[in-house]
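S.K.: Throughout, our numbering is defined as the position within the sequence shown, counted from one, plus 24. Glycine residues also receive a C-beta, built at the ideal position from the N, C-alpha and C atoms.
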Amino acid sequence: MKIKNHKEDFIMATLSGNVVSGTSLKTNKGFDTATKLTVQTAQTLANNGYSFCIRYLSRQSGQQSGDLDNTEAGAILLTGLALMAVQHCEGGYWIANGTKGATYGANAAANAQSIGLPKGVTLWLDLEQVSSSCTSTDIIAYCNNWYDQVNAYGYEPGIYVGANCGLTGTQLYNNLKFQHYWKSMSTVPSIPTRGYQMTQSATTTVGGISIDPDTITADSLGGTPHLIYQPGTSV
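#1: Quick one: what's got a C-beta closer than 6 Å to N42's C-beta in the same chain, skipping five residues either side?
#2: From T68, T65, N188, Y74, pick the residue whose C-alpha is nearest to that of E114; which is it?
#3: Taking the alpha helix (DSSP H) that D56 belongs to, which residues open and close that run?
#4: Relative to the C-alpha of Q203, which residue among G219, S214, L191 is closest?
#5: Of all the alpha helix (DSSP H) runs that stay within the bounds of the stretch 44-118, which reach a length of 4 or more residues?
#6: Looking only at C-alpha atoms, which of T161, N199, H112 sits nearest to A132?
#7: Can you tell me where the alpha helix (DSSP H) holding L141 begins and where it ends?
#8: Can you list, in chain order, the stretches of the alpha helix (DSSP H) that have 4 or more residues and sit fully within the stretch 174-239?
#9: Alpha carbon to alpha carbon, how far is D243 from T47?
#10: Which same chain residues, not among the five before or five after A120, have their C-beta less than 6 Å away from its C-beta?
#11: Look up N168 in the DSSP assignment and give the residues it is bridged to.
#12: When DSSP labels each residue in this structure, what does D150 get in the three-state scheme?
#13: At what residues does the beta strand (DSSP E) containing L251 begin and finish?
#14: By DSSP's criteria, N121 is part of a beta bridge. Which residues make up the other side?
#15: Counting beta carbon pairs with one atom in the stretch 207-225 and one in the stretch 103-112, are three or more of them shorter than 8 Å?
#16: Within this structure, are the beta carbons of G140 and W170 separated by less than 8 Å?
#17: Strictly by DSSP, which residues pair up with N131?
#18: Rounded to whole angstroms, what's the CA-CA distance from N175 to G231? Just pull it up for me.
#19: Output needed for S82: all residues of its chain with C-beta closer than 6 Å, excluding positions within five of it in sequence on either side, in chain order.
#20: Round the Cβ separation of E180 and T227 to the nearest angstrom and send it over; I've been treating them as touching at under 8 Å.
#21: Determine, using beta carbons only, whether A126 and I100 come nearer to each other than 8 Å.
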């Protein structure tokens, strides 16, 4: 299957910073949010003890309104927060297949590149609310094709395991190519052998911003996600 190469579609404004392990940050506390951040709101979150932020990538070619962009990413990093990104999941009970996985994966990586996220940063696939009409074969093809596209750009593919993901824990570990697993706040399968390296908690509001808190811990094989971080920054 040939997917359009978007690598030349954007002029990349590379963000300055180092790619670091999530366990090397000041704290293992972070958050994901659908709200666009400014220097001021990001600093408020940093002042409340959070060390990293996860913002959104579009499924489409090109970031959409409200998604992470280069300006916002720079503002987040300026406050001393580390940064990685997750791609929006389709709404409702959606249909997963290999073609869609390849397309969305290519868009996730190209959009991350357009923001200026450097190679080695973890990008997350959001797997949740999959239609019960999908076979496990379809879901596995979706995930692995997404992985291949993101990996080809030099990013580190990770998977967020949400409610109704359509796969068992054994399938998530044995049949997928991923090494980075993020546990949602929902009741989801355990990951054999490896376990999760990031865990999401119940939604809360900090400084007027709705966030889902996340905690990074090395998994049972020592794996951690990787983020971009600017040492010595804080406004």
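M.R.: Concretely, from the data shown:
#1: Here the question's residue 42 lines up with position 18 in the sequence shown. For N42, where only same-chain residues beyond five positions count, the Cβ hits under 6 Å are Y253.
#2: The count along the sequence shown starts at 1 and reaches residue 114 at position 90. Cα-wise, what sits closest to E114 is N188.
#3: Counting from 1 along the sequence shown, the entry for residue 56 is found at position 32. First-last for D56: 53-56, but that is the beta strand (DSSP E), not the alpha helix (DSSP H).
#4: On the sequence shown, position 179 is the one that residue 203 refers to. If we check each option's Cα against that of Q203, G219 comes out closest.
#5: 63-71, 94-102
#6: Position 108 of the sequence shown, counting from 1, holds the residue named residue 132. Selected option, being the one with the closest Cα: H112.
#7: Here the question's residue 141 lines up with position 117 in the sequence shown. Segment: none, L141 is in no alpha helix (DSSP H) and carries neither H nor E.
#8: 193-198
#9: Within the sequence shown, numbered from 1, the residue matching residue 243 stands at position 219. Within the sequence shown, numbered from 1, the residue matching residue 47 stands at position 23. Each residue's Cα considered, the two are about 11 Å apart.
#10: Working through the sequence shown from its first residue, we reach residue 120 at position 96. If we look at A120 and ignore the five residues flanking it on each side, its Cβ neighbours are V154, C158, D162, I163, Y166.
#11: Counting from 1 along the sequence shown, the entry for residue 168 is found at position 144. Answer by DSSP bridge pairing: none, since N168 is not bridged.
#12: Here residue 150 corresponds to residue number 126 of the sequence shown, with the count starting at 1. Strand.
#13: Looking up residue 251 in the sequence shown gives position 227. Where L251 is concerned, the enclosing beta strand (DSSP E) stretches over 250-253.
#14: Numbered from its first residue, the sequence shown carries residue 121 at position 97. Bridge partners of N121: none, in fact.
#15: no
#16: Against the sequence shown, residue 140 aligns to sequence position 116. Against the sequence shown, residue 170 aligns to sequence position 146. Their beta carbons are not under 8 Å apart, which means G140 does not touch W170 by this criterion.
#17: Along the sequence shown, read from residue 1 onward, the residue named residue 131 stands at position 107. Its beta-bridge partners do not exist; DSSP assigns none.
#18: What you label residue 175 is simply residue 151 of the sequence shown in a count that begins at 1. What you label residue 231 is simply residue 207 of the sequence shown in a count that begins at 1. Cα to Cα, the separation comes out at about 36 Å.
#19: Along the sequence shown, read from residue 1 onward, the residue named residue 82 stands at position 58. Answer for S82: Q88, D91, N135, listed in chain order.
#20: Position 156 of the sequence shown, counting from 1, holds the residue named residue 180. Position 203 of the sequence shown, counting from 1, holds the residue named residue 227. Wrong, their Cβ atoms sit about 26 Å apart, outside the cutoff.
#21: Numbered from its first residue, the sequence shown carries residue 126 at position 102. Numbered from its first residue, the sequence shown carries residue 100 at position 76. No.
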